[in-house]
Amino acid sequence: MIPVNGGDLHINWQKELARAFTSPEQLLQYLQIDATPWQPGFKARRLFPMRVPRPFADKMRQGDAQDPLLRQVLPLGEEFEQVPGFVTDPLDEHDSALPGLLHKYESRVLLVVRGGCAVNCRYCFRRHFPYADNSPGREGWREALDYIAAHPEINEVILSGGDPLMAKDEHLDTLITDLEAIPHLKRLRIHTRLPVVIPARLTESLLQRLDQSRLQVVMVLHINHANEIDDELTARLAPWRRAGITLLNQSVLLAGVNDDTEALCQLSERLFEAGVLPYYLHQLDKVAGAAHFAVDDNTATALLAGMLARLPGFLVPKLVREIGGEHSKTPIDLGLEPNRH
Ligand code: SF4
Numbered sequence: 001m002i003p004v005n006g007g008d009l010h011i012n013w014q015k016e017l018a019r020a021f022t023s024p025e026q027l028l029q030y031l032q033i034d035a036t037p038w039q040p041g042f043k044a045r046r047l048f049p050m051r052v053p054r055p056f057a058d059k060m061r062q063g064d065a066q067d068p069l070l071r072q073v074l075p076l077g078e079e080f081e082q083v084p085g086f087v088t089d090p091l092d093e094h095d096s097a098l099p100g101l102l103h104k105y106e107s108r109v110l111l112v113v114r115g116g117c118a119v120n121c122r123y124c125f126r127r128h129f130p131y132a133d134n135s136p137g138r139e140g141w142r143e144a145l146d147y148i149a150a151h152p153e154i155n156e157v158i159l160s161g162g163d164p165l166m167a168k169d170e171h172l173d174t175l176i177t178d179l180e181a182i183p184h185l186k187r188l189r190i191h192t193r194l195p196v197v198i199p200a201r202l203t204e205s206l207l208q209r210l211d212q213s214r215l216q217v218v219m220v221l222h223i224n225h226a227n228e229i230d231d232e233l234t235a236r237l238a239p240w241r242r243a244g245i246t247l248l249n250q251s252v253l254l255a256g257v258n259d260d261t262e263a264l265c266q267l268s269e270r271l272f273e274a275g276v277l278p279y280y281l282h283q284l285d286k287v288a289g290a291a292h293f294a295v296d297d298n299t300a301t302a303l304l305a306g307m308l309a310r311l312p313g314f315l316v317p318k319l320v321r322e323i324g325g326e327h328s329k330t331p332i333d334l335g336l337e338p339n340r341h
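341 is the number that this note's numbering gives the last residue of the sequence shown; the numbers go up by one with no jumps.
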């Protein structure tokens with residue numbers, strides 16, 4: 001039985017954050033994997049620190065160095081390879097409207113609520129993002145709120161990061177209250193991976209706050225593999241779904257993690273069982289240090305064709321790529337007749 005007391009859960013998720021693995025040696029020891037062959041790559045932590053909460057490590061297979069969840073977080077020597085086209089700021093994000101506020105799309109703004117994440121994904125497009133210059137903190141939110149209030153074309157605010165759920169519930173409460181006071185806002189979107197790596201982050205108090213909001217709330221999770229969805233996450237998502245919060249998922253297509261049709265179909269099925277709709281499958285953003293995760297477009301479109309043949313259309317995510325400076329995500333043409341099911 002999963003406890004549902006908001007106070008207890010609140011303590012738990014922060015405790016889990018504090019005891020996350022930051023050493024590859026300790027993580028591999030926990031998983032009973034011989035670290036020797038992987039040792040030379042561990043220095044990639046200097047490029048991007050390692051951080052892996054235990055509930056996420058508990059979803060990895062013991063003794064399997066190729067585990068698809070482990071592969072997403074283990075520093076490897078390949079991160080030092082310099083590959084043409086892979087750069088530190090693949091989406092031209094380092095220039096923002098204000099510190100911590102990106103106004104990329106006309107009707108939506110992205111607010112960097114907190115700089116850090118609970119997990120550091122090695123393929124992250126923001127692994128070089130200068131959070132120190134773009135984490136306005138609660139004082140800086142005021143400037144961002146004034147900007148949003150002065151732009152009536154904005155109807156949706158995307159809370160982002162890092163991971164916005166790294167902020168405490170009481171800070172999110174304050175921010176949500178301020179956003180609700182801006183009359184032209186309709187929707188609040190929360191992009192987060194935190195509940196996937198620490199399901200206890202789905203606290204009762206945050207749910208109650210969002211349930212009371214006049215804004216329509218969408219939570220977009222980031223899940224790349226079916227093994228990331230266990231019974232605990234499914235159980236904790238259920239009341240969010242019952243409260244009418246729209247639950248979507250975006251994944252990144254990653255070599256060695258989910259680049260086969262079976263894995264992608266299993267992911268879609270497991271998402272739906274948890275009440276989450278597959279939304280986007282992203283081609284990797286070409287960030288320096290992550291080239292070994294790249295999947296070429298021909299392979300990607302063949303994988304999507306395989307999904308379309310096996311799944312109902314609503315379980316097939318849109319295959320997209322983000323291009324710096326574009327006003328929306330760019331769909332990747334599958335060259336197929338549309339699925340009519
Ligand atoms: S949770 Fe998202 S923002 Fe954070 S490291 Fe992973 S991919 Fe990057």
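Beta carbons are placed, not taken as given, at the ideal position from N, Cα and C, and that holds for glycine.
Quiz item: In terms of DSSP beta bridges, what is Ser160 paired with?
Solution: One-based indexing of the sequence shown puts residue 160 at position 160. Paired residue(s): Val112.
Exercise. Pull up the distance between the alpha-carbon of Ala149 and that of Leu304, whole angstroms please.
Key: Locating residue 149 in the sequence shown gives position 149, counting from the first residue. Locating residue 304 in the sequence shown gives position 304, counting from the first residue. In a straight line, the C-alpha of Ala149 is about 40 Å away from that of Leu304.
Quiz item: Which value, in whole angstroms, describes the spacing of the CA atoms of Leu69 and Asn258?
Solution: Translated into the one-based positions of the sequence shown, residue 69 becomes position 69. Translated into the one-based positions of the sequence shown, residue 258 becomes position 258. When the Cα atoms are used, Leu69 and Asn258 turn out to be separated by approximately 10 Å.
Quiz item: Can you name, in chain order, every residue of its own chain whose Cβ lies under 7 Å from the Cβ of Pro53, other than the five neighbours on each side?
Solution: Indexing the sequence shown from 1 puts residue 53 at position 53. So the list reads Glu16, Leu17, Ala20, Ala118, Val119, Val197, Ile198, once near-sequence residues are dropped.
Quiz item: Helix, strand or coil: which one does DSSP assign to Asn227?
Solution: Translated into positions along the sequence shown, residue 227 becomes position 227. Look at Asn227 here: in three-state DSSP terms it is helix.
Exercise. Taking only heavy atoms of the ligand SF4 into account, decide whether any of them is closer than 6 Å to the Cβ of Asn120.
Key: By 1-based counting over the sequence shown, the position of residue 120 is 120. Yes, the Cβ of Asn120 comes within 6 Å of a heavy atom of the ligand SF4.
Quiz item: In terms of DSSP beta bridges, what is Lys318 paired with?
Solution: For the purposes of this step, residue 318 is taken as residue 318 along the sequence shown, with counting starting at 1. Tyr280, per the DSSP bridge assignment.
Self-check item: Nearest to Pro152 (by Cα), restricted to the options Pro75, Pro164, Asp173, His184
Solution: For the purposes of this step, residue 152 is taken as residue 152 along the sequence shown, with counting starting at 1. Of Pro75, Pro164, Asp173, His184, the residue nearest in Cα terms is His184.
Quiz prompt | Tyr123 (DSSP reduced to helix, strand or coil) | solution = Start at 1 with the first residue of the sequence shown, and residue 123 comes out as number 123. Residue state, collapsed to three classes: coil.
Exercise. Taking only the alpha-carbon atoms, compute the straight-line gap between Gly324 and Asn12 and give it to the nearest angstrom.
Key: Along the sequence shown, one-based indexing puts residue 324 at 324. Along the sequence shown, one-based indexing puts residue 12 at 12. Cα to Cα, the separation comes out at about 38 Å.
Self-check item: Min CB distance Phe48 to chain C below 7 Å
Solution: No chain C is present in this structure, which holds just one protein chain.
Self-check item: 7 Å Cβ cutoff met for Ser213 and His191
Solution: Working through the sequence shown from its first residue, we reach residue 213 at position 213. Working through the sequence shown from its first residue, we reach residue 191 at position 191. Their beta carbons are not under 7 Å apart, which means Ser213 does not touch His191 by this criterion.
Quiz item: Does the beta carbon of Arg19 fall short of 6 Å from some heavy atom of the ligand ATP?
Solution: In terms of ligand content, the structure shown lacks the ligand ATP and carries the ligand SF4 instead.
Practice problem: Could you tell me which of Leu188, Leu267, Gly335, Arg61 sits nearest to Leu311, measuring between CA atoms? | Solution: Counting from one through the sequence shown, the residue named residue 311 turns up at place 311. Comparing Cα-Cα distances from Leu311 to each of Leu188, Leu267, Gly335, Arg61, the minimum goes to Leu267.
Quiz item: Cα separation between Ile245 and Gln29?
Solution: Here the question's residue 245 lines up with position 245 in the sequence shown. Here the question's residue 29 lines up with position 29 in the sequence shown. Straight across, the Cα-Cα distance linking Ile245 with Gln29 is about 39 Å.
Quiz item: Where does Leu70 sit, in a helix, a strand or coil, going by DSSP?
Solution: Taking the sequence shown and counting its residues from 1, the one referred to as residue 70 is at position 70. Looking at Leu70 - three-state DSSP - the assignment turns out to be helix.
Exercise. Since I believe Ala291 is in contact with Glu81 (beta carbons under 8 Å), could you give me their beta-carbon distance rounded to a whole number of angstroms?
Key: To locate residue 81, count along the sequence shown from 1; it is residue 81. To locate residue 291, count along the sequence shown from 1; it is residue 291. That pair is a contact at about 6 Å.
Self-check item: Other residues of its chain near Lys329: CB distance less than 6 Å, five sequence neighbours each side excluded
Solution: By one-based count along the sequence shown, residue 329 stands at place 329. Residues Val320, Glu322 of the same chain have their beta carbon placed closer than 6 Å to that of Lys329, with the five preceding and five following residues left out of the count.
Exercise. Tell me whether Thr88 is buried or exposed, calling it buried when 16 or more other Cβ atoms sit within 10 Å of its Cβ.
Key: For the purposes of this step, residue 88 is identified with residue 88 of the sequence shown, where counting begins at 1. Label assigned to Thr88: exposed.
Self-check item: Pro317 burial status per 10 Å Cβ neighbour count (16 or more: buried)
Solution: Residue mapping note: residue 317 aligns to position 317 of the sequence shown, counting from 1. The C-beta of Pro317 has 16 or more other C-beta atoms within 10 Å across all chains shown, which makes the residue buried.
Quiz item: Using DSSP with H/G/I as helix, E/B as strand and the rest coil, what is Lys15?
Solution: Here residue 15 corresponds to residue number 15 of the sequence shown, with the count starting at 1. Three-state DSSP puts Lys15 in a helix.
Quiz item: With a CB to CB cut of under 7 Å and the five nearest residues on each side skipped, what residues in its chain are close to Gln32?
Solution: Residue numbering aside, residue 32 sits at position 32 when the sequence shown is read from its first letter. Excluding the 5 residues flanking it on each side, Gln32 has same chain C-beta neighbours closer than 7 Å at Gln62, Gly63, in chain order.
Quiz item: Out of curiosity, what's the CA-to-CA distance linking Cys121 and Ala255?
Solution: Within the sequence shown, residue 121 is the residue found at index 121, counting from 1. Within the sequence shown, residue 255 is the residue found at index 255, counting from 1. For Cys121 and Ala255, the distance between alpha carbons rounds to 14 Å.
Self-check item: Check whether Leu247 and Gly275 have beta carbons under 7 Å apart
Solution: Within the sequence shown, residue 247 is the residue found at index 247, counting from 1. Within the sequence shown, residue 275 is the residue found at index 275, counting from 1. Yes.
Exercise. Determine the direct distance from the alpha carbon of Asp34 to that of His171, and round the result to whole angstroms.
Key: Translated into positions along the sequence shown, residue 171 becomes position 171. Translated into positions along the sequence shown, residue 34 becomes position 34. Their Cα atoms are separated by approximately 42 Å.
Exercise. Using 10 angstroms around the beta-carbon of Gln283, count the other beta-carbons present and answer buried if the total reaches 16, otherwise exposed.
Key: Taking the sequence shown and counting its residues from 1, the one referred to as residue 283 is at position 283. A residue is called buried when at least 16 other Cβ atoms come within 10 angstroms of its Cβ; Gln283 meets this threshold and is buried.
Quiz item: Quick one: what does DSSP say Gln216 is sitting in, helix, strand or coil?
Solution: Residue 216 sits at position 216 when you count from the first residue of the sequence shown. Gln216: strand per DSSP, three-state reduction.
Practice problem: Can you give me the Cβ contacts of Pro75 inside the same chain, cut-off strictly under 7 Å, excluding the 5 residues immediately before and after it? | Solution: Translated into the one-based positions of the sequence shown, residue 75 becomes position 75. Shown here for Pro75: same chain residues with a beta carbon closer than 7 Å to its own, the five before and five after excluded, namely Pro24, Gly41, Phe42, Ala44, Arg45, Met50, Arg122 in chain order.
Quiz item: Roughly how many angstroms lie between the CA atoms of Thr261 and His225, to the nearest whole one?
Solution: To locate residue 261, count along the sequence shown from 1; it is residue 261. To locate residue 225, count along the sequence shown from 1; it is residue 225. Taking the straight line from one Cα to the other gives about 12 Å.
Self-check item: Same chain only: Cβ atoms within 6 Å of Val73, ignoring 5 sequence neighbours per side
Solution: Here residue 73 corresponds to residue number 73 of the sequence shown, with the count starting at 1. Within the same chain, Val73 has close Cβ partners Val52.
Quiz item: Quick one, are the C-beta atoms of Val109 and Leu101 less than 7 Å apart?
Solution: Here residue 109 is taken as the residue at index 109 of the sequence shown, counted from 1. Here residue 101 is taken as the residue at index 101 of the sequence shown, counted from 1. Cβ distance < 7 Å, so Val109 and Leu101 count as in contact.
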